[in-house]
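K.L.:
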Amino acid sequence: EKYLGEKEIGRSWLKRKKKIALVIAEGTIVDGKSGYDPRPLIGGKYIGSETMEEIFKKLEKDKSIKAVIFRINSGGGSASASEIIANAVKKCNEKKPVIVSMGNVAASGGYYIACLARRILADNSTITGSIGIFSIKFVAKKLYEDKLGITFDYLKRGEMADAQTELRGYTEREREIFMKQLEWWYDKFITRVSEGRKLNKEYIDSIGQGRVWSGYKAKELGLVDEIGPLRKAIEIAKEEAKIKKGEEIEIFLYPKEERRFLFSFPKVNIFALLKERILYLLPENIVIE
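Per the numbering used here, the sequence shown runs over residues 26 to 314.
1) Within 10 angstroms of the Cβ of D62, are there 16 or more other Cβ atoms? Answer buried if so, exposed if not.
2) Since E119 is in the alpha helix (DSSP H), which residue starts that stretch and which ends it?
3) Using 10 angstroms around the beta-carbon of I268, count the other beta-carbons present and answer buried if the total reaches 16, otherwise exposed.
4) Does the segment 155-163 come into contact with the segment 133-145, if we say contact requires no fewer than three beta-carbon pairs (one atom in each stretch) closer than 8 Å?
5) Can you tell me which of K88, S103 and K42 puts its alpha carbon nearest to the alpha carbon of I72?
6) By how many angstroms is the C-alpha of L141 removed from the C-alpha of E119?
7) Whose C-alpha, out of P280, I252, R64 and E272, is nearest the C-alpha of N129?
8) I'd like the span of the alpha helix (DSSP H) that includes E78, first residue to last.
9) Using CA atoms only, rank isn't needed, just tell me which of L248, K205 and Q234 is closest to R222.
10) Going by DSSP in three states, A131 sits in which element: helix, strand or coil?
11) Could you pull out every residue in the same chain whose Cβ sits closer than 7 Å to the Cβ of F214, ignoring the five residues on either side in sequence?
12) Got a sec? Which residues, its chain only, sit under 8 Å from K244 by beta carbon, not counting five neighbours each side?
13) State the start and end residues of the unbroken beta strand (DSSP E) segment that holds K91.
14) Looking only at its own chain, which residues have a Cβ that is under 6 Å from the Cβ of K43, when we skip the five neighbours before and after it?
15) In angstroms, rounded to a whole number, what distance separates the CA positions of S74 and G183?
16) For Y169 and K82, I'd like the C-alpha separation in whole angstroms.
17) Expressed to the nearest angstrom, what Euclidean distance is found between the alpha-carbon atoms of R41 and D87?
18) Rounded to the nearest angstrom, how far is the Cβ of S150 from that of G52, given a contact under 8 Å?
19) Which class does S150 belong to by DSSP, given the choice of helix, strand or coil?
20) Taking the C-alpha atoms as reference points, what is the distance between G100 and S160?
21) Report the CB separation of M185 from E199 in whole angstroms; it is logged as a contact under 8 Å.
22) Would V55 and F95 qualify as a contact pair, given that the criterion is a beta-carbon distance under 8 Å?
23) With 16 as the cutoff for other CB atoms within 10 Å, does P280 come out buried or exposed?
24) Between which two residues does the alpha helix (DSSP H) containing K269 stretch?
25) Hey, Y195 and F203 are a contact pair by Cβ (cut 8 Å); roughly how many whole angstroms apart?
26) Distance, Cα to Cα, S105 vs A111?
27) Since I believe L47 is in contact with I276 (beta carbons under 8 Å), could you give me their beta-carbon distance rounded to a whole number of angstroms?
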C-alpha cells in the first residue's frame, strides 16, 4: 500500500523474525539496582546485580528469545554483586546461548561476569583479565584531628565491633581475618574462571594475580575465544542459536528504560550505544520497548 505518496511498503514485516537479546552492562558493578550517578568525578553509570539478575532470569524463561548477547564495559566492582550476575549468566546459558562482547574494558569483576558465558569476544585493544581482588579501608583519624580539629569518643561491645571504622587502622588479628576472606574470594574467582573456560585452577592462578591483559593476549591465554566487534558476536549468537544464515532477526535491548513520552527513546541506552558505535555495527532491526 502507499501512504501520502510514499513508495510501496513491502509486507516482509509480517514475517515472524527470530529474537536476540542485547544486554548492556556499563559502569561499576554494585549490589542492588542499576542506575546513573550524575555527580562529577565520582559519578557515572553503575551495573546493579539485582537488575542484571532479573533480566537474565526473564530471558532464561522467555522462549521467544533465541540467544543473548552480553555487552560488557566495566572495570569491576563489588565481589558479591559480580558473583550474583555471573551465576545468573550461567543459568541463562544453560537454556540458550549467552555470548559476551567486550567493550573497551571488561576486567576484574567485568571479567568475572563474563567468564561463564558460552563464548567470549573482545577487541584487540580491550583491557581484560585482572583476575584478582583487593579491599580498601579509608582511615581519616589524622584528617579529623589534625586538620579539622574533630575528636571522637565512642563505646563498643566486642573486640572487632569497630573493625571497619575510619577512625583507626586494622589490628594484626583483623588483618589476618580479612586476608582470609580475600583469599576465599580470590579462590572463588579462579574457580569460576576455571569452570567457564575449562582450564585448570593452577593455570588460571598463574595468569591471574591481578594481571591485566589486552584482548589480543587474552585470546592467546584462553581467556577469550574470538577477536571481533559486536557484529561478529551477533553472527556467533545466530550460529549458536541455529538461526539460518541470512535470516532476519530482531534485537531487543536490555535494560529497558522508562519513557517520559509516548514513542520516545530510552534516556540512556541509545546515547551509550552511540558512544560505543554499536549502532554503526547493527544493520538489523532494533526493537526498543
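We put the beta carbon where it would ideally sit given N, CA and C, even for glycine.
For clarity, every value in this text was computed on a predicted model and none was experimentally measured.
P.N.:
In short, the structure shows the following:
1) It counts as exposed.
2) Per DSSP, the unbroken alpha helix (DSSP H) holding E119 starts and ends at A104 to K120.
3) Looking at its Cβ environment, which holds 16 or more other Cβ atoms inside 10 Å, I268 is buried.
4) Contact annotation: the segment 155-163 touches the segment 133-145, with at least three C-beta pairs closer than 8 Å.
5) That would be S103, whose Cα lies nearest to the Cα of I72.
6) The alpha-carbon atoms of E119 and L141 are separated by roughly 10 Å.
7) Nearest Cα to N129 within the set P280, I252, R64 and E272: I252.
8) According to the DSSP assignment, E78 belongs to the alpha helix (DSSP H) that extends over S74 to K86.
9) Nearest in C-alpha terms to R222, of all of L248, K205 and Q234, is L248.
10) Judged by DSSP in its simplified three-state form, A131 adopts strand.
11) Hits under 7 Å: Y137, I156 and I158.
12) Contacts found: A147, D250, E251 and I252.
13) Segment I90 to S99, the beta strand (DSSP E) holding K91.
14) Taken in chain order, the residues that qualify are K91, I268 and I274.
15) Pairing S74 with G183, the inter-Cα distance amounts to about 32 Å.
16) Near 46 Å, if we compare the C-alpha coordinates of K82 and Y169.
17) One Cα belongs to R41, the other to D87, and the distance between them is close to 16 Å.
18) About 20 Å separates the Cβ atoms of S150 and G52, ruling out a contact at the 8 Å cut-off.
19) Coil.
20) When the Cα atoms are used, G100 and S160 turn out to be separated by approximately 15 Å.
21) M185 to E199, Cβ: 6 Å. Contact.
22) With respect to the 8 Å criterion, V55 and F95 are not classified as neighbours on the basis of their beta carbons.
23) Label assigned to P280: buried.
24) K269 -> no alpha helix (DSSP H), and no H or E assigned at all.
25) That pair is a contact at about 7 Å.
26) Cα to Cα, S105 sits roughly 10 Å from A111.
27) The Cβ separation is near 5 Å, so the contact holds.
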